[in-house]
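S.K.: Would you mind keeping the following structure in view while I ask a few things?
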Amino acid sequence: MSSGKVYIGTSGWSYKSWAASFYPKEIPAKRQLEYYVTQFPTVEINASFYRLPQESSFKTWQDTAPANFLYAVKGSRAVTHLKRLKPGAKSFPLILERAQLLGQCLGPLLWQLPPSFPVNVERLKHFLQALPRRFAHAIEFRHPSWLEPQVDELLKHYRVAKVSISSLAMPMQLEATTNFVYVRFHGLSGGPAHDYSDQELEPWAEHLRRCARQGLNGFAYFNNDVNTRAPDNARRFIQMVGKYAQKTGVHQARR
Numbered sequence: 007m008s009s010g011k012v013y014i015g016t017s018g019w020s021y022k023s024w025a026a027s028f029y030p031k032e033i034p035a036k037r038q039l040e041y042y043v044t045q046f047p048t049v050e051i052n053a054s055f056y057r058l059p060q061e062s063s064f065k066t067w068q069d070t071a072p073a074n075f076l077y078a079v080k081g082s083r084a085v086t087h088l089k090r091l092k093p094g095a096k097s098f099p100l101i102l103e104r105a106q107l108l109g110q111c112l113g114p115l116l117w118q119l120p121p122s123f124p125v126n127v128e129r130l131k132h133f134l135q136a137l138p139r140r141f142a143h144a145i146e147f148r149h150p151s152w153l154e155p156q157v158d159e160l161l162k163h164y165r166v167a168k169v170s171i172s173s174l175a176m177p178m179q180l181e182a183t184t185n186f187v188y189v190r191f192h193g194l195s196g197g198p199a200h201d202y203s204d205q206e207l208e209p210w211a212e213h214l215r216r217c218a219r220q221g222l223n224g225f226a227y228f229n230n231d232v233n234t235r236a237p238d239n240a241r242r243f244i245q246m247v248g249k250y251a252q253k254t255g256v257h258q259a260r261r
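With the working numbering as the guide, the letters of the sequence shown map in order to residues 7 to 261.
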């Protein structure tokens, strides 16, 4: 059995505090992604959570990605926060159509539920049934009531990953529910300003190494975006995951 690969990056790439710190000062904002893809093998597209990006944006993102780079695309809040997984959100099919434009650069689609949304098994079941199987999907629960066996069984049945969260608001959950695992680091004390220590990161690194040894791919994103906490922690985490961490490709735009 071949080992899995662990893709490690950040949640988004465009932050003012990263200019002239993570990004060299001579790089303008419009070229930041070109630099980012030389440093990490993956990134979460967060803009799609707030509004649907234009087709041209997805095509530009695909052109910018080197070989083996993957984008995780965050589903619209209209689906997860406003409709709360009920059918009928117009943005649901649209984000799927746009995400396809990434081609081989497309990684998982992330569906993040709000902390005010408690468990609703029937609604979750109908939502999972509607997800196209040609995509890889991950769902993030932020209310503790979702952490029950019946939910895990549904996710396994529909082959959807349960996102593991590093946060003071939720306990550490490490169970794999499909053929890949997905981890998000939101910060501990201080939230997005938190700077993770090696001691805090090691249990997560071991989890991802163990999954990789079992043949599962992993995705890990740092969302502690104050100053350069996220890219700094992501770089260190790549070293900790070691040989299972996906290497960054040499940038060569796809034309």
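Just so you know, even glycine gets a beta-carbon here, dropped at the ideal spot from N, CA and C.
Should residue 31 and residue 52 be called a contact, given that it needs their Cβ atoms to be closer than 8 Å?
M.R.: Against a cut-off of 8 Å, the Cβ pair of residue 52 and residue 31 comes out as no contact.
S.K.: Return the residue from the list 107, 82 and 106 that minimises the CA-CA distance to residue 96.
M.R.: Per the Cα distances, 82.
S.K.: For the alpha helix (DSSP H) holding residue 127, just list the boundary residues, first then last.
M.R.: Unbroken alpha helix (DSSP H) run through residue 127: 127-136.
S.K.: Spatial neighbours of residue 289 within its chain, please: C-beta separation below 6 Å, excluding the five flanking residues on both sides.
M.R.: Nothing can be reported for residue 289, as the shown portion of the chain is limited to 7 through 261.
S.K.: Counting Cβ pairs closer than 8 Å, one from the segment 230-237 and one from the segment 196-206, do we hit at least three?
M.R.: Contact between the segment 230-237 and the segment 196-206 is present, because at least three Cβ pairs lie under 8 Å.
S.K.: Is residue 22 helix, strand or coil when you go by DSSP?
M.R.: Residue 22: helix per DSSP, three-state reduction.
S.K.: Going by the CB atoms, is the gap between residue 239 and residue 191 shorter than 8 Å?
M.R.: Result yes, Cβ atoms of residue 191 and residue 239 sit closer than 8 Å.
S.K.: Please classify residue 44 as buried or exposed, where buried requires at least 16 neighbouring CB atoms within 10 angstroms.
M.R.: The residue in question, residue 44, is exposed, as its Cβ has fewer than 16 Cβ neighbours within 10 Å.
S.K.: If I measure Cβ to Cβ from residue 167 and keep anything under 8 Å in the same chain, skipping five residues before and after, which residues do I get?
M.R.: Once the five neighbours on either side are set aside, the close Cβ partners of residue 167 are 114, 142, 143, 144, 145, 161, 182, 183, 184, 186, 187 and 188.
S.K.: Please classify residue 261 as buried or exposed, where buried requires at least 16 other C-beta atoms within 10 Å of its C-beta.
M.R.: Low confidence applies here, because residue 261 scores a pLDDT of 34, under 50, leaving its location unreliable; read the following figure in that light. Label assigned to residue 261: exposed.
S.K.: Taking a contact to mean a Cβ-Cβ separation below 8 Å, would you say residue 64 touches residue 107 in this structure?
M.R.: A contact, by the Cβ cut-off of 8 Å.
S.K.: Does the count of Cβ pairs from the segment 83-90 and the segment 119-138 closer than 8 Å reach three?
M.R.: Counting Cβ pairs under 8 Å, three or more are found: they touch.
S.K.: When you compare only the Cα positions, how much space is there between residue 169 and residue 158?
M.R.: Taking the straight line joining both Cα atoms gives about 11 Å.
S.K.: If you draw a straight line from the C-alpha of residue 68 to the C-alpha of residue 244, how long is it?
M.R.: C-alpha separation (whole angstroms): 23 Å.
S.K.: In whole angstroms, what is the alpha-carbon distance linking residue 197 and residue 18?
M.R.: Distance between the alpha carbons of residue 197 and residue 18: 16 Å.
S.K.: Can you name, in chain order, every residue of its own chain whose Cβ lies under 8 Å from the Cβ of residue 77, other than the five neighbours on each side?
M.R.: 48, 49, 50, 51, 67, 71, 108, 111, 112 and 113.
S.K.: For the alpha helix (DSSP H) holding residue 100, just list the boundary residues, first then last.
M.R.: Per DSSP, residue 100 belongs to the alpha helix (DSSP H) from 97-105.
S.K.: Taking the C-alpha atoms as reference points, what is the distance between residue 164 and residue 217?
M.R.: Answer to the nearest angstrom: the Cα atoms are 20 Å apart.
S.K.: Expressed to the nearest angstrom, what Euclidean distance is found between the alpha-carbon atoms of residue 36 and residue 61?
M.R.: Cα-Cα distance, rounded: 17 Å.
S.K.: Report, in whole angstroms, the separation of the C-beta atoms of residue 208 and residue 246, which I expect to be a contact under 8 Å.
M.R.: Right, their Cβ atoms sit about 7 Å apart.
S.K.: On a CA-only basis, which of 149, 99, 214 and 33 is nearest residue 180? Give me that one, please.
M.R.: Considering only alpha carbons, the answer is 214.
S.K.: In angstroms with no decimal places, state the Cα-to-Cα distance between residue 92 and residue 129.
M.R.: Using only the alpha carbons, I get a separation of about 7 Å.
S.K.: With a threshold of 6 Å on Cβ separation, who are the neighbours of residue 98 within its own chain once the five nearest residues in sequence on each side are excluded?
M.R.: Cβ within range, chain order: 85.
S.K.: Please name the residue, chosen from 23, 13 and 7, that lies closest to residue 235 on a Cα-to-Cα basis.
M.R.: Considering only alpha carbons, the answer is 23.
S.K.: For residue 139, count neighbouring Cβ atoms within 10 angstroms of its own Cβ and tell me buried if that reaches 16, exposed if not.
M.R.: Residue 139 comes out exposed.
S.K.: Can you grab the Cα-Cα spacing for the pair residue 8 / residue 250, in whole Å?
M.R.: Answer to the nearest angstrom: the Cα atoms are 11 Å apart.
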